[in-house]
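Colleague: Read in this note's numbering, the sequence shown has 136 at position 108, and its numbers run on one by one without any break.
C-beta atoms are modelled at their ideal positions from N, C-alpha and C, and glycine is treated no differently.
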Amino acid sequence: DLIANLANVTAVLKMSFTHVSWVGFYLAKGEELVLGPFQGKPACVRIAMGKGVCGTAAKTNETIIVPNVHEFPGHIFCDPDSKSEIVVPIERNGKVLAVLDLDSNQLNMFDELDELNLQRIVALLIPCF
Numbered sequence: 029d030l031i032a033n034l035a036n037v038t039a040v041l042k043m044s045f046t047h048v049s050w051v052g053f054y055l056a057k058g059e060e061l062v063l064g065p066f067q068g069k070p071a072c073v074r075i076a077m078g079k080g081v082c083g084t085a086a087k088t089n090e091t092i093i094v095p096n097v098h099e100f101p102g103h104i105f106c107d108p109d110s111k112s113e114i115v116v117p118i119e120r121n122g123k124v125l126a127v128l129d130l131d132s133n134q135l136n137m138f139d140e141l142d143e144l145n146l147q148r149i150v151a152l153l154i155p156c157f
């Protein structure tokens with residue numbers, strides 16, 4: 029089940045990354061992303077494709093690492109304590125199905141190793157969609 033699997037992945041990631049303040053999924057629905065399972069403070073419910081870090085990652089189908097969210101043009105501040113972020117698209121046949129979003133309340137907390145490992149995790153979820 030998609031929702032059950034996404035919920036468990038968010039729980040495991042939240043427990044595994046000590047520096048993560050928020051982790052969750054946004055599901056692609058038409059021209060926007062809709063909040064899915066997450067762990068952390070309440071979040072934005074809808075994000076337009078191309079807006080903020082999540083919408084940009086979904087539109088470009090590329091992982092985005094943001095060392096300092098205050099320097100990302102158009103960053104959407106769902107949580108004012110967020111300082112760095114990584115967003116990994118989940119796609120099948122070139123179509124973005126969702127994004128995985130991790131935030132930290134510390135600067136520069138995500139790197140290429142996080143990107144690689146998170147991409148491996150989301151690849152395991154593709155059959156659930």
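Can you give me the C-alpha to C-alpha distance between Lys42 and Pro70, rounded to a whole angstrom?
Modeller: One-based indexing of the sequence shown puts residue 42 at position 14. One-based indexing of the sequence shown puts residue 70 at position 42. Cα to Cα, the separation comes out at about 15 Å.
Colleague: Going by C-alpha to C-alpha distance, which of Pro65, Val127 and Val62 sits closest to Ala150?
Modeller: Position 122 of the sequence shown holds residue 150. The residue asked about is misnamed: residue 150 is Val in this sequence, not Ala. Here the closest residue by C-alpha is Val127.
Colleague: Excluding five sequence neighbours on each side, which residues of the same chain lie with their C-beta closer than 6 Å to the C-beta of Lys87?
Modeller: Taking the sequence shown and counting its residues from 1, the one referred to as residue 87 is at position 59. Excluding sequence positions up to five before and after Lys87, its CB lies within less than 6 Å of the CB of Met77 and Gly78, all in the same chain and listed in chain order.
Colleague: Tell me, which residues are paired with Val115 by DSSP?
Modeller: As a position in the sequence shown, residue 115 is number 87, starting the count at 1. Val115 is bridged to Ile92 and Asp129.
Colleague: If you measure from the beta carbon of Arg148 to each beta carbon in chain D, is any gap under 7 Å?
Modeller: Chain labels in this structure do not include chain D; a single protein chain is all it has.
Colleague: Under a three-way DSSP split, which group does Val37 fall into?
Modeller: Stepping through the sequence shown from its first residue, residue 37 is reached at position 9. Val37 falls in the helix class under three-state DSSP.
Colleague: Could you give the distance in angstroms between the alpha-carbon of Cys156 and the alpha-carbon of Asn36?
Modeller: One-based indexing of the sequence shown puts residue 156 at position 128. One-based indexing of the sequence shown puts residue 36 at position 8. Approximately 13 Å, taken between the alpha carbons.
Colleague: Going by beta-carbon coordinates alone, are Ser49 and Asp131 separated by less than 7 Å?
Modeller: By 1-based counting over the sequence shown, the position of residue 49 is 21. By 1-based counting over the sequence shown, the position of residue 131 is 103. A contact, by the Cβ cut-off of 7 Å.
Colleague: Applying the 10 Å Cβ sphere with the 16-neighbour rule, what's the burial state of Lys111?
Modeller: Within the sequence shown, numbered from 1, the residue matching residue 111 stands at position 83. Result: buried.
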